[in-house]
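Contents: one structure, followed by commentary.
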Amino acid sequence: GTEIVSASTDSSLKLWSAQPGGGLTCTYGGHRNEKNFVGLATSSNYVSCGSEDNCVYTYYKAVSSPLIAYSFSSGNPIAGEEAEDANQFVSSVCWCPKYPSTLLAANSQGIIKVLELC
Numbered sequence: 026g027t028e029i030v031s032a033s034t035d036s037s038l039k040l041w042s043a044q045p046g047g048g049l050t051c052t053y054g055g056h057r058n059e060k061n062f063v064g065l066a067t068s069s070n071y072v073s074c075g076s077e078d079n080c081v082y083t084y085y086k087a088v089s090s091p092l093i094a095y096s097f098s099s100g101n102p103i104a105g106e107e108a109e110d111a112n113q114f115v116s117s118v119c120w121c122p123k124y125p126s127t128l129l130a131a132n133s134q135g136i137i138k139v140l141e142l143c
């Protein structure tokens, strides 16, 4: 491709043009990343990453603030027991090549979510 996305522990993502003479295109913020690898995935129009607040964030490439954030929760949601745990974080994200609006995400507790961007 002609773009590169970088992640930093200052809680920012940066989109760079890989074209000759290109440079920084956009800086994204809103997620939290200070010490853990929180995952990073791109699609043709979106950049998604995990966060140390146990959320997954998706950015539209042309906009620096999150388009959407999805919060993971601990406990048993089927039994109605949901609680936040400050030690959990989203550690992996991946766009599905066969279904371009589908994002898979997993957190540090092994919980996997299949999310659909509508």
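Yeah, the sequence shown ends on 143 if you go by this note's numbering, and it's all consecutive.
Glycine included, each C-beta is placed from N, C-alpha and C at the ideal position.
- Residue 51 is a Cβ neighbour of residue 87, given a cutoff of 8 Å.
- Partner residues in the beta bridge of residue 39, as assigned by DSSP, are 31, 52.
- For a cut-off of 8 Å, the C-beta gap from residue 97 to residue 121 is around 18 Å, too long to register as a contact.
- For residue 130, the beta-bridge partners assigned by DSSP are 118, 138.
- Under DSSP, residue 74 shares a beta bridge with 65, 82.
- Between residue 76 and residue 63 the beta-carbon gap is near 6 Å, inside 8 Å, which marks them as a contact.
- Distances from the alpha-carbon of residue 84 to those of 61, 26, 39 put 39 closest.
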